[in-house]
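Number of protein chains: 2
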Amino acid sequence: MAGRPRDDRARNAILRRAADIASKDGLEGLSIGRLAADLGVSKSGLFGHFGSKEELQLATVRAAAGVYLDEVVQPALALPPGLGRVWRLCDSWLSYSQRRVFPGGCFFFTVTAEFDARPGRVRDAVAAAALEWSRLVTRTVEEARRLGELTEDTGADQLAFELIAFLETANAVSLLHDDPVAYQRARTAIRNRLHAAATGSAALPGLDSALQSGHQ
Amino acid sequence: MAGRPRDDRARNAILRRAADIASKDGLEGLSIGRLAADLGVSKSGLFGHFGSKEELQLATVRAAAGVYLDEVVQPALALPPGLGRVWRLCDSWLSYSQRRVFPGGCFFFTVTAEFDARPGRVRDAVAAAALEWSRLVTRTVEEARRLGELTEDTGADQLAFELIAFLETANAVSLLHDDPVAYQRARTAIRNRLHAAATGSAALPGLDSALQSGHQ
DNA sequence: CCTACCGATCGGTAGG
DNA sequence: CCTACCGATCGGTAGG
Numbered sequence: 022m023a024g025r026p027r028d029d030r031a032r033n034a035i036l037r038r039a040a041d042i043a044s045k046d047g048l049e050g051l052s053i054g055r056l057a058a059d060l061g062v063s064k065s066g067l068f069g070h071f072g073s074k075e076e077l078q079l080a081t082v083r084a085a086a087g088v089y090l091d092e093v094v095q096p097a098l099a100l101p102p103g104l105g106r107v108w109r110l111c112d113s114w115l116s117y118s119q120r121r122v123f124p125g126g127c128f129f130f131t132v133t134a135e136f137d138a139r140p141g142r143v144r145d146a147v148a149a150a151a152l153e154w155s156r157l158v159t160r161t162v163e164e165a166r167r168l169g170e171l172t173e174d175t176g177a178d179q180l181a182f183e184l185i186a187f188l189e190t191a192n193a194v195s196l197l198h199d200d201p202v203a204y205q206r207a208r209t210a211i212r213n214r215l216h217a218a219a220t221g222s223a224a225l226p227g228l229d230s231a232l233q234s235g236h237q
Numbered sequence: 022m023a024g025r026p027r028d029d030r031a032r033n034a035i036l037r038r039a040a041d042i043a044s045k046d047g048l049e050g051l052s053i054g055r056l057a058a059d060l061g062v063s064k065s066g067l068f069g070h071f072g073s074k075e076e077l078q079l080a081t082v083r084a085a086a087g088v089y090l091d092e093v094v095q096p097a098l099a100l101p102p103g104l105g106r107v108w109r110l111c112d113s114w115l116s117y118s119q120r121r122v123f124p125g126g127c128f129f130f131t132v133t134a135e136f137d138a139r140p141g142r143v144r145d146a147v148a149a150a151a152l153e154w155s156r157l158v159t160r161t162v163e164e165a166r167r168l169g170e171l172t173e174d175t176g177a178d179q180l181a182f183e184l185i186a187f188l189e190t191a192n193a194v195s196l197l198h199d200d201p202v203a204y205q206r207a208r209t210a211i212r213n214r215l216h217a218a219a220t221g222s223a224a225l226p227g228l229d230s231a232l233q234s235g236h237q
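And the structure:
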């Protein structure tokens with residue numbers, strides 16, 4: 022299915038720029054004419070790569086998911102399962118948001134809020150990506166519990182919900198008020214929540230130092 | 022400054038409908054032509070009420086703030102200061118979101134995500150409203166602490182951040198996945214968090230029953 | 001991959 | 001408050 026390498030590279034450059042724009046102005050704010058002008062190509066030339074605006078939006082979601090995988094998920098999978106990996110997953114997310122890998126903050130935060138009340142294929146794609154992320158966090162928490170690093174009665178779904186809430190809210194508050202303190206608030210909340218649920222019975226490389234520093 | 026009562030009522034009806042649309046499609050997705058057609062009036066007649074799209078957007082933010090005040094803030098202020106009022110504030114918010122007072126969920130969640138990376142007067146208005154809400158939650162928590170119902174070392178800013186995170190994420194998840202379980206997740210998270218910070222030394226009418234039922 | 005164009009809709013205005 | 005219109009931009013197409 023993949024075209025020539027040259028085409029793929031061009032397509033990738035287009036979609037990376039599309040995701041940057043959409044992270045600020047949404048996937049509806051992303052217009053084909055503006056994107057073409059931005060990239061210095063003709064509108065119809067760019068259009069030909071995708072065939073419709075909806076296909077461009079769907080391809081942009083897939084491209085952003087690839088960036089997310091590289092920036093957030095892979096760094097955490099470098100650590101062994103357990104509480105350390107849970108912490109790393111949250112920390113990678115906060116770093117990804119804070120470094121403005123996408124200039125408008127987390128791409129998925131923006132487009133989720135944009136499409137959560139609009140039926141269609143774009144919404145379905147965004148919802149599927151969000152669900153996959155949520156399940157990854159839940160699975161990572163559940164692994165830590167099975168390894169005995171979280172108390173037996175820890176509800177993985179509940180804890181994952183709370184961790185994700187801290188991440189997304191840090192992203193939103195930091196953007197709206199241009200205030201990096203939101204990230205510190207999220208780190209404190211996550212640290213305290215994991216500390217409260219931890220058994221302390223296992224070696225926690227990577228989390229120990231985080232838990233020791235600045236537990237409020 | 023206020024016009025005739027007849028004009029005010031017409032304006033209010035326009036803005037209430039505008040807020041409904043914006044809660045689903047955003048304040049940019051709100052077009053003057055569509056709003057006029059929706060209300061069965063001419064585009065230029067509606068335009069004359071506001072003078073520009075930006076003024077319509079700003080007026081819509083103000084109107085939505087009025088609804089928010091009635092639906093979320095006032096019910097909580099009916100209770101005396103303390104932990105009971107903190108809980109009521111959160112509970113009113115979840116009810117406001119869950120009842121779909123705005124069809125696209127919380128108006129401010131949608132437009133905050135839409136404008137958090139776009140400079141301008143609309144962003145400033147949305148950010149000011151969000152800050153006012155955040156300060157109200159912080160102040161309400163701080164009152165409960167001063168009354169001895171929360172432990173001395175409770176950080177009001179930190180706790181307010183965490184409560185707001187649970188509220189907003191319940192709204193987002195419930196919309197994206199059409200899943201009311203998100204609201205139960207938020208209630209559980211808030212209950213546990215307040216329970217952990219509470220001294221248990223004071224009468225907590227309204228919260229006691231909430232804390233007793235279903236503490237996971 | 002380009003230029004040139006299509007109808008529809010956008011925010012906004014003229015004139016009554 | 002209406003009809004009728006403005007230029008700009010939208011997604012999408014024709015033709016090369």
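Protein sequences, first through last, are from chains A and B.
FYI, in our numbering the residues of the first sequence are 22 to 237.
FYI, in our numbering the residues of the second sequence are 22 to 237.
In this text, a Cβ means the ideal position worked out from N, Cα and C, and glycines have one as well.
Practice task
Measure from the alpha carbon of PRO140 (chain B) to the alpha carbon of each residue in A:LEU196, A:LEU115, A:GLY141, then state which is nearest.
Solution key: A:LEU196
Handout entry: Coarse secondary structure for SER234 (chain B), derived from DSSP in three states
Key = The pLDDT assigned to SER234 (chain B) is 43, lower than 50, so where the model puts this residue is not dependable, and the model offers no usable value.
Exercise for the section: State the CB to CB distance for the pair THR131 (chain A) and ALA134 (chain B), rounded to an integer number of angstroms; the pair is presumed to be in contact (CB under 8 Å). Expected result: Contact between THR131 (chain A) and ALA134 (chain B) holds: CB atoms are separated by about 6 Å, below the 8 Å threshold.
Handout entry: Chain-ordered chain B contacts of ALA210 (chain A) [CB-CB under 8 Å]
Key = Simply GLN179, PHE182, GLU183, ALA186.
Problem - Bridge partner(s) assigned by DSSP for LEU115 (chain A) - result: Beta-bridge pairing links LEU115 (chain A) to no other residue.
Problem - Closer than 8 Å to chain A by CB, THR161 (chain B) - result: no
Problem - Alpha-carbon spacing of VAL93 (chain B) relative to GLN119 (chain B), whole angstroms - result: For VAL93 (chain B) and GLN119 (chain B), the distance between alpha carbons rounds to 12 Å.
Problem - Given ARG83 (chain B) as reference, the closest of B:ALA181, B:ALA57, B:ALA207, B:ARG37 once Cα atoms are compared - result: B:ARG37
Handout entry: Chain-order list of residues whose beta-carbon lies under 8 Å from that of LEU79 (chain A) (same chain, five-residue window excluded)
Key = ARG142, VAL143, ALA146
Exercise for the section: Would you tell me roughly how many angstroms separate the C-alpha atoms of GLU164 (chain A) and SER52 (chain B), rounded to the nearest one? Expected result: 49 Å
Problem - Cα-Cα separation, ALA181 (chain A) to ASP178 (chain B) - result: 22 Å
Exercise for the section: Please compile the residues from chain B whose C-beta is within a distance smaller than 9 Å of the C-beta of THR131 (chain A). Expected result: ALA134, GLU135, ASP137, ALA138
Handout entry: Residue from A:ALA148, A:ALA219, A:ALA210 with nearest C-alpha to ARG10 (chain A)
Key = What is shown of chain A runs 22 to 237, which leaves residue 10 (chain A) out entirely.
Practice task
Note down, in chain order, each residue of its chain lying with its Cβ closer than 8 Å to the Cβ of GLY69 (chain A), except the 5 sequence neighbours on either side.
Solution key: none
Handout entry: Beta-carbon separation (whole angstroms), CYS111 (chain B) vs ILE211 (chain B), contact threshold 8 Å
Key = 5 Å
Exercise for the section: Give a yes or no on whether 8 Å exceeds the smallest Cβ distance from LEU152 (chain B) to chain A. Expected result: Between LEU152 (chain B) and chain A, the shortest Cβ-Cβ separation is below 8 Å.
Exercise for the section: Leaving aside the five residues before and after PRO124 (chain B) along the sequence, list all residues of the same chain whose C-beta is less than 8 Å from its C-beta, in chain order. Expected result: ASP41, SER44, LYS45
Exercise for the section: Could you confirm whether any beta carbon from chain B is found closer than 8 Å to the beta carbon of LEU196 (chain A)? Expected result: yes
Problem - Start and end residues, alpha helix (DSSP H) containing SER65 (chain A) - result: 64-69
Handout entry: Three-way DSSP call (helix, strand, coil) for ALA99 (chain B) in this model
Key = coil
Exercise for the section: Inspect the beta-carbon positions of ALA265 (chain A) and ALA150 (chain A) and report whether they are closer than 8 Å. Expected result: Since the first residue shown for chain A is 22 and the last is 237, residue 265 (chain A) is missing from the structure and cannot be characterised.
Practice task
Say whether chain A places a C-beta atom closer than 8 Å to the C-beta of LYS74 (chain B).
Solution key: no
Practice task
Give me the Cα-Cα distance between ALA31 (chain B) and ILE185 (chain B), rounded to the nearest whole angstrom.
Solution key: 34 Å
Exercise for the section: Go ahead and label GLU49 (chain A) buried or exposed: buried means 16 or more other beta carbons lie within 10 angstroms of its beta carbon, across all protein chains shown. Expected result: buried
Practice task
Helix, strand or coil for ALA219 (chain B), going by three-state DSSP, please let me know.
Solution key: strand
Handout entry: Cross-strand partners of LEU171 (chain A) (DSSP beta bridge)
Key = A:ALA219
Practice task
Output the distance between the C-alpha atoms of ILE117 (chain A) and GLY66 (chain B), rounded to the nearest integer angstrom.
Solution key: Correcting the residue type first, residue 117 (chain A) is Tyr in the shown sequence and not Ile. Distance between the alpha carbons of TYR117 (chain A) and GLY66 (chain B): 47 Å.
Problem - Closer than 8 Å to chain A by CB, ALA148 (chain B) - result: yes
Exercise for the section: Check whether the Cβ of PHE187 (chain A) lies closer than 7 Å to any heavy atom of the ligand MN, and answer yes or no. Expected result: This structure lacks the ligand MN; in fact it carries no ligand of any kind.
Problem - 8 Å Cβ cut-off: residues of chain B touching ARG120 (chain A) - result: Neighbours of ARG120 (chain A) on chain B: none; closest Cβ ~15 Å, over 8 Å.
Practice task
Determine the burial state of GLY235 (chain B): buried for a count of at least 16 other Cβ atoms within 10 Å of its Cβ, exposed for fewer.
Solution key: With a pLDDT of only 38 at GLY235 (chain B), under 50, the local geometry of the prediction cannot be trusted, and the value read off the model is given with reservation. With fewer than 16 Cβ atoms within 10 Å of its Cβ, GLY235 (chain B) is classed as exposed.
Problem - Buried or exposed by the 16-neighbour rule on C-beta atoms within 10 Å, applied to LEU104 (chain B) - result: buried
Handout entry: With 16 other Cβ atoms within 10 Å as the buried cut-off, status of THR172 (chain B)
Key = exposed
Handout entry: Close Cβ partners of THR175 (chain A) (< 6 Å) along its chain, the five nearest in sequence each way excluded
Key = Excluding sequence neighbours, THR175 (chain A) sits near ARG166, ALA218.
Exercise for the section: Could you list which residues in chain A have their beta carbon closer than 8 Å to that of ASP46 (chain B), in chain order? Expected result: ALA138, ARG139
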